[in-house]
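> So that we are looking at the same thing, I have put the structure below in structure tokens.
Number of protein chains: 2
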Amino acid sequence: MFSKACEYGIRAATYIALQSLEGKRTSLKDIAKETDSPVAFTAKILQQLSKNKIVESVKGASGGFEIQKRNVQTIKLSQIVYAIDGDKVYHGCGLGLKECNGAKPCPVHDKFVGIRDGLKNMLETTTLLEMTTGLEVGLTYLKR
Amino acid sequence: MFSKACEYGIRAATYIALQSLEGKRTSLKDIAKETDSPVAFTAKILQQLSKNKIVESVKGASGGFEIQKRNVQTIKLSQIVYAIDGDKVYHGCGLGLKECNGAKPCPVHDKFVGIRDGLKNMLETTTLLEMTTGLEVGLTYLKR
DNA sequence: TTTAAATAGGACAAAAATATCCGAAATAAA
DNA sequence: TTTATTTCGGATATTTTTGTCCTATTTAAA
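Listed in order, the protein sequences are those of chains H and P. Take 22 as the starting number for the first sequence in this note's numbering and just add one per residue. Take 22 as the starting number for the second sequence in this note's numbering and just add one per residue.
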């Protein structure tokens with residue numbers, strides 16, 4: 022569904038959000054460990070998320086990554102996916118045709134539109150805050 | 022959503038089905054041309070589909086690929102996807118966790134299950150015959 | 001001021017996916 | 001029987017994705 026980079030990105034952002042809610046800034050090392058992701062690759066992804074204003078980075082000793090609490094409530098999964106994978110989730114044809122739309126559809130166009138809209142809707146309505154709620158009480162997990 | 026190989030595979034199988042309904046056997050060259058796919062790569066994919074009994078291949082002059090008419094009615098997209106991409110469409114976690122299930126879910130597990138079930142259901146209920154119906158009358162397309 | 005800890009970013013490496021090439025084998029037709 | 005056509009399958013090449021490494025820069029604390 023998503024690229025590995027995007028999966029790591031969502032997991033990282035979710036963990037940063039969780040820590041930020043507790044007023045903690047968190048380091049690359051911690052993030053990679055707690056999301057079971059490769060450290061150096063995660064670093065690249067966090068750079069992208071930082072450039073896209075999804076996370077804030079602080080250089081130097083006691084630096085790390087954080088997300089303003091008010092942003093934890095407003096940032097949607099769709100923003101993270103867009104920052105890393107672009108809009109191909111929304112605009113790609115299920116059968117890989119370059120042009121595929123209502124006027125000249127592939128044989129599964131209509132069916133795909135329904136499924137993709139479901140995914141799109143889910144991504145656009147799920148906030149980072151919502152991602153963290155189960156984690157706090159051990160109902161959901163970011164690794165394993 | 023699917024790999025390129027799988028997209029080519031679905032398009033190829035659909036074109037072969039369309040020709041088979043008209044009693045025509047079709048060659049690799051034709052298939053690649055009519056589905057706008059790379060010839061040699063399509064050959065590999067057709068080999069896989071042939072091994073998985075989704076298409077029948079006939080070697081030699083005037084050989085090519087075909088699908089028995091009764092099979093055009095019964096073969097589902099899910100079989101093609103499974104033959105090429107395996108079951109990762111069904112069993113993968115949206116965030117890439119190795120284990121992710123109702124007991125120990127990732128934060129988006131439940132939401133993903135819904136979307137994936139929609140996709141699964143679509144693949145399991147769409148036959149090759151259904152894929153071809155719009156093509157005959159120019160309502161749908163396999164290239165562009 | 002020095003040192004240690006941390007991110008930034010460029011260069012490089014490895015793995016996977018995508019794609020091509022070519023000789024072998026099969027088959028129909030000349 | 002020979003030839004042309006076609007798939008099969010192994011080897012190889014290219015591109016993209018995933019991943020690592022190293023140096024520079026920033027910053028807090030000693």
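Idealized CB from N, CA, C, for every residue including glycine. Bear in mind that the values here come from a model prediction, so they are computed numbers and not experimental data.
Does the beta-carbon of residue 59 of chain H have 16 or more other beta-carbons within 10 angstroms, so that it is buried, or is it exposed?
Exposed: under 16 other Cβ atoms inside 10 Å.
> Distance, Cα to Cα, residue 104 of chain P vs residue 26 of chain P?
Using only the alpha carbons, I get a separation of about 11 Å.
> Quick one, which of H:154, H:138, H:146 has its alpha-carbon nearest residue 127 of chain P's?
The shortest C-alpha separation from residue 127 of chain P is found at H:154.
> Is it true that the region 134-141 of chain H meets the region 67-84 of chain H, where meeting means three or more beta-carbon pairs spaced less than 8 Å apart?
No, the region 134-141 of chain H is not in contact with the region 67-84 of chain H.
> Grab the span of the alpha helix (DSSP H) containing residue 77 of chain H for me, first residue to last.
Where residue 77 of chain H is concerned, there is no enclosing alpha helix (DSSP H), although the beta strand (DSSP E) it sits in stretches over 77-79.
> Would you please verify whether the beta carbon of residue 120 of chain P is less than 8 Å from any beta carbon of chain H?
Yes, because at least one Cβ of chain H sits closer than 8 Å to the Cβ of residue 120 of chain P.
> Determine the direct distance from the alpha carbon of residue 110 of chain P to that of residue 45 of chain H, and round the result to whole angstroms.
Between residue 45 of chain H and residue 110 of chain P, the C-alpha separation is close to 37 Å.
> For residue 105 of chain P, decide whether its Cβ has a neighbour in chain H, counting only Cβ atoms nearer than 8 Å.
No, no contact with chain H.
> Between which two residues does the beta strand (DSSP E) holding residue 85 of chain H run?
First-last of the beta strand (DSSP E) with residue 85 of chain H: 85-87.
> Report the CB separation of residue 87 of chain P from residue 116 of chain H in whole angstroms; it is logged as a contact under 8 Å.
In fact, because the Cβ distance is near 21 Å, the residues do not count as touching under 8 Å.
> Note down, in chain order, each residue of its chain lying with its Cβ closer than 8 Å to the Cβ of residue 37 of chain P, except the 5 sequence neighbours on either side.
Excluding sequence neighbours, residue 37 of chain P sits near 47, 52, 76, 86, 87, 88.
> Beta-carbon within less than 6 Å of residue 39 of chain P's beta-carbon, same chain only, minus the 5 sequence neighbours each way: which residues are those?
So the list reads 153, 156, once near-sequence residues are dropped.
> Would you call residue 124 of chain P buried or exposed, if buried means 16 or more other Cβ atoms sit within 10 Å of its Cβ?
By the neighbour-count rule (16 or more Cβ atoms within 10 Å), residue 124 of chain P is not buried but exposed.
> Using the beta-carbon count (16 or more within 10 Å), is residue 61 of chain H buried or exposed?
Exposed: under 16 other Cβ atoms inside 10 Å.
> From this set, P:158, P:131, P:70, which residue's C-alpha is nearest residue 31 of chain P's C-alpha?
Closest option to residue 31 of chain P, Cα to Cα, is P:70.
> Could you pull out every unbroken beta strand (DSSP E) segment of at least 3 residues lying fully inside the region 36-116 of chain P, listed in chain order?
The qualifying runs are 77-79, 85-87.
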